[in-house]
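Residue numbers (the numbering used here): 551 to 608.
Glycine is no exception: its CB is placed at the ideal position from the N, C-alpha and C atoms.
To start, the structure under review is shown below, and the notes come after it.
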């Protein structure tokens, strides 16, 4: 099931509020875990969340 853009942005906002400047590192870790697990859908989702966080931070 594909997440909606709203869900992606909500997750990005929550992560940004919780992790602040460390959000990028947190997302990078999750992408790496997903890559090692072979979960391409999770990799895609985390990348979308990362893009949203980058926009929030700018």
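Rounded C-alpha distance that separates residue i from residue j
i: residue 570; j: residue 591; result: 25 Å
i: residue 603; j: residue 561; result: 9 Å
i: residue 566; j: residue 579; result: 15 Å
i: residue 606; j: residue 563; result: 8 Å
Among the options, nearest to residue i - alpha-carbon criterion
i: residue 555; options: 580, 604 and 598; result: 598
i: residue 595; options: 607, 606 and 582; result: 582
i: residue 601; options: 564, 585 and 574; result: 574
Residue i (DSSP reduced to helix, strand or coil)
i: residue 570; result: helix
i: residue 589; result: coil
i: residue 584; result: helix
i: residue 608; result: coil
Closer than 7 Å to chain D by CB, residue i
i: residue 573; result: In the structure shown, chain D does not exist; there is a single protein chain.
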